[in-house]
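Below is one structure, written out as structure tokens; comments come after it.
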């Protein structure tokens, strides 16, 4: 209406403007209806979308926690790897020590076997020597019969020629002792003579060694000194070696080392 209350006249232009306004209003209403329908249909999705930031924040926190756990696990794995490496090195060292101990054990076992074999051979040799020595003993005086001595072979065994009369019951002429005790000195009635530059006791003089042993056995408090001599053309070492040979022969027959010593002299 106009200010005066008069209605404007209808014209084609006014009608056209009104139609356009009505069409625009209709389109707006339709759009509002469609938006309301879409909002109604997608309300759960919208609400879910509204909660997405919180879910994303929670997920980020969870990822950070998992990352921290993963880093800690990685460090633990690295430490475990170092420990495993050290353990492997220690194990290798133990294996090397074990191999070394096995080799040493094999060596010890081999030496023990060799020693047992040597002891067995030594015992066998000793038994054989004892048997041979026993077979060579005189059946009367029980002293060894040497190849250089006069002896007889009887059914009972070997017999010294000088023991024949006594063994057969014939009273023999008394023989001088090979050694006698004079105060605190053991005087050998016959000297032990060696070959030129020789230091080995001839078997013929073993009876002198036996005589000295009998005297020393009867006088356990007596100590002796074995004196060795040399000829003019021999060295002092020969005299020392001869005295040592007699000393060794006495020791082999059971004389204690504290009761005998040896010394070499000149010619």
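In this note's numbering, the protein residues as written are 6 to 272. Using N, Cα and C, we set each Cβ at its ideal position, and we do this for glycine too.
If you run the structure through DSSP and keep just helix, strand and coil, what is residue i?
i	result
residue 200	coil
residue 205	coil
residue 16	coil
residue 247	helix
residue 239	coil
residue 110	helix
residue 258	coil
residue 226	coil
residue 186	Reliability of the predicted coordinates at residue 186 is poor, the pLDDT of 49 falling under 50, and the value obtained from them is presented with this limitation in mind. Three-state result, residue 186: strand.
residue 177	Per-residue confidence for residue 177 stands at a pLDDT of 46, beneath the threshold of 50, marking its modelled position as unreliable; no derived number is given.
Taking the alpha-carbon positions, what's the residue i to residue j distance?
i	j	result
residue 107	residue 124	25 Å
residue 109	residue 240	48 Å
residue 235	residue 244	5 Å
residue 4	residue 271	Residue numbering for the chain in the displayed model covers 6 to 272; residue 4 lies beyond these limits and cannot be assessed.
residue 211	residue 132	22 Å
residue 22	residue 39	26 Å
residue 112	residue 121	14 Å
residue 146	residue 168	7 Å
residue 233	residue 252	10 Å
residue 249	residue 104	49 Å
residue 177	residue 166	For residue 177, the predicted model reports a pLDDT of 46, less than 50, meaning its position is unreliable; a value from the coordinates is still stated below. Each residue's Cα considered, the two are about 11 Å apart.
residue 28	residue 52	34 Å
residue 214	residue 149	12 Å
residue 118	residue 130	18 Å
residue 65	residue 49	24 Å
residue 116	residue 75	59 Å
residue 42	residue 32	15 Å
residue 159	residue 206	28 Å
residue 227	residue 134	31 Å
residue 266	residue 254	12 Å
residue 45	residue 61	25 Å
residue 163	residue 114	45 Å
residue 264	residue 237	30 Å
residue 186	residue 136	Per-residue confidence for residue 186 stands at a pLDDT of 49, beneath the threshold of 50, marking its modelled position as unreliable; no derived number is given.
How far does the alpha helix (DSSP H) with residue i in it extend, from its first residue to its last?
i	result
residue 216	211–223
residue 167	Neither: residue 167 is in no alpha helix (DSSP H) and is coded neither H nor E.
Have a look at the DSSP bridge pairing and note the partners of residue i.
i	result
residue 267	231
residue 143	163
residue 56	Partner(s): none; residue 56 has no beta bridge.
residue 149	142
residue 158	163
Would the beta-carbon of residue i be found less than 7 Å away from any heavy atom of the ligand SAM?
i	result
residue 23	Ligands in the displayed structure: none, and consequently the ligand SAM is not present.
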